[in-house]
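In our numbering, the protein residues as written are 89 to 343.
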């Protein structure tokens, strides 16, 4: 097993087994339902969502849930100062949402994109369909079960995000019966970077990018390549103009 796939399996497995993460997922579902129904979020109701046995861990569960809400959905949980007994969710997204990828009530259906790009990157830049669904299940997103934000998840990740060129969905080579895999699409490569995705993934896992040394080195190389490409694009016209100027000068001095 490669270091890359080992790091990915450890990260995903830890998320699957961590009870705090699972309870945070339940709390996220509760908060999103309240947001959808435009209902108030009472402080007293939230600990009940995670059951009595985990109430002593509620501050940590709430912290993790709110961080994930902000990262994935762009929603910030803010205390209502006048009452002091309730919260409200505020949409922090400042970029326009592509209408074709909107849930219809103010949240982007492509909120899953950064987590998906992370799974693909951590699995050697190519994640099998099985690995992808295993991760999505952590977020309470299931194949064949309609999600109240993302709609039909299979359609979203195999059609909508593919059509928008954020993902590539293709049959795995020499697979019989056919198996499928996901890769980054050209739009994902243009609009984000491996370093940004790794920083996102590290934050979700409450760690730092260097905790994934193999991937960090790869992301660092990617940043250097992007910097060189930008420099070449910026300096290219100037360099070409300089060459033309020198050529013209040379011709004029040798009639």
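Idealized CB from N, CA, C, for every residue including glycine. Quick caveat, the model's predicted, so the values are computed rather than measured.
- [ ] Just the C-alpha distance for residue 146 and residue 163, rounded to the nearest angstrom, thanks.
- [x] 19 Å
Task: Candidates 265, 312 and 206: closest to residue 285 by CA position - done: 206
Open item on the list: Using a Cβ-Cβ cutoff of less than 7 Å, which residues in the same chain neighbour residue 292 once the five nearest sequence positions on both sides are dropped?
Closed with: 156 and 159
TODO: Under 6 Å Cβ to Cβ from residue 112, same chain only, skipping five residues before and after it: list those, please.
DONE: 149, 152 and 153
Task: Pairwise C-alpha distance: residue 143 and residue 272 - done: 40 Å
Task: Backbone CA spacing between residue 307 and residue 300 [nearest angstrom] - done: 10 Å
Open item on the list: Going by beta-carbon coordinates alone, are residue 210 and residue 245 separated by less than 9 Å?
Closed with: no
Task: Bounding residues of the alpha helix (DSSP H) (the contiguous stretch that carries residue 225) - done: 217-226
Task: Where residue 260 falls: helix, strand or coil (DSSP) - done: coil
Task: Same chain only: Cβ atoms within 7 Å of residue 201, ignoring 5 sequence neighbours per side - done: 249 and 254
Open item on the list: Using only CA atoms, which one of 260, 252, 175 and 239 lies nearest to residue 218?
Closed with: 260
Open item on the list: Tell me which residues share the same chain as residue 208 and place their Cβ nearer than 7 Å to its Cβ, disregarding the 5 neighbours each side in the sequence.
Closed with: 214, 215, 270, 271 and 272
Open item on the list: Can you list, in chain order, the residues of its chain with a C-beta nearer than 7 Å to that of residue 234? Leave out the 5 residues immediately preceding and following it.
Closed with: 240
Task: CB contact flag (residue 130, residue 118, <9 Å) - done: no
TODO: Consult DSSP for residue 343 and reduce its assignment to one of helix, strand or coil.
DONE: Only weak support is given to the placement of residue 343: the predicted model assigns it a pLDDT of 45, under 50, and the question is left unresolved by the model.
- [ ] Determine the DSSP secondary structure at residue 268, reduced to helix, strand or coil.
- [x] strand
Open item on the list: Which residue marks the beginning of the beta strand (DSSP E) containing residue 176, and which one marks its end?
Closed with: 174-179
Task: For residue 251 and residue 177, the rounded distance between their alpha carbons - done: 31 Å
Task: Between the CA atoms of residue 281 and residue 317 - distance to the nearest angstrom - done: 14 Å
TODO: Specify, as a first and last residue, the run of the beta strand (DSSP E) that residue 252 falls within.
DONE: No beta strand (DSSP E) holds residue 252; DSSP gives it neither H nor E.
TODO: Using three-state DSSP, classify residue 237 as helix, strand or coil.
DONE: coil
Open item on the list: Restricting to Cα atoms, I'd like to know which of 264, 136, 275 and 138 is closest to residue 256.
Closed with: 275
Task: DSSP state of residue 164 mapped onto helix, strand, coil - done: strand
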